[in-house]
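Remarks on the structure that follows.
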Amino acid sequence: MTEKVKIQQQLSKLATHDDLTKLPNRTLLHELIIQSSLNSQRSQRSPTILLLDVNSFKRINDTYGRNAEDEVICEIAKRLSKTLYPKDVIARINGAEFCILVELSDPKYGAIAVARKILSCFEAAYTPDKQQLMVTASIGKHDTLKVQMPLKSYYEKPRQQFLILKHKKRMSISFSNNV
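Heads up: the sequence shown begins at 318 in our numbering, then just goes up one per residue.
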């Protein structure tokens, strides 16, 4: 492999992956959503987005500092990667927001099962700088095939759902039936 090809691959990875967690970023996620939507017509599986937001995340930074915040984000990414299937897409789209793209044969009940698996990642304490932290999260859902809209709009419905829950500061799942 030539040096030029290696550099192109590195640049491509930098453009499509989060630098901290090495997960896909928003740019790659959008491409994967399009691909999943196109494939769903053949596979009879519905692409579903689960948007996860870490509750009270600013408090971690304010109390323990940026390094602790980064450690928690990396550990969340690691736990999600171990918990979900390899074909599921886990992307970091914002500071403490992750988007999980799954293809489900039964989006209504399958999404609940996936959301419960995701929340199981938050049952054990996180230990940045040897501090025991209990971290919670909220999850909202969007069935990507039910409506045709710009890709960035796919985040709005699940974001509205979990913002309602965030003030409770505990692990929560909120799914709207009329997505």
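Idealized CB from N, CA, C, for every residue including glycine.
Here I456 is not near L349, since their CB atoms are 7 Å or more apart. Here D460 is buried. Its C-beta has 16 or more other C-beta atoms within 10 Å. For D379, DSSP records no beta bridge to any residue. A distance below 8 Å between beta-carbons, with the five flanking residues on each side excluded, links Q448 to the following residues of its chain, in chain order: Y381, A385.
With fewer than 16 other CB atoms across the displayed protein chains lying within 10 angstroms of its CB, E440 is exposed. Between the stretch 413-424 and the stretch 322-337, the count of C-beta pairs closer than 8 Å stays below three; the two stretches do not touch.
DSSP, reduced to helix, strand and coil, places R396 within a helical segment of the structure shown.
Non-local C-beta neighbours of T400 in its own chain, meaning closer than 8 Å and more than five positions away in sequence, comprise K434, I435, S437, C438, ordered along the chain. A direct Cα-Cα distance of roughly 23 Å separates T453 from R343. Here the alpha carbon of H347 sits roughly 19 Å from the alpha carbon of S398.
The residue among T319, V322, M451 with its C-alpha nearest the C-alpha of V389 is M451.
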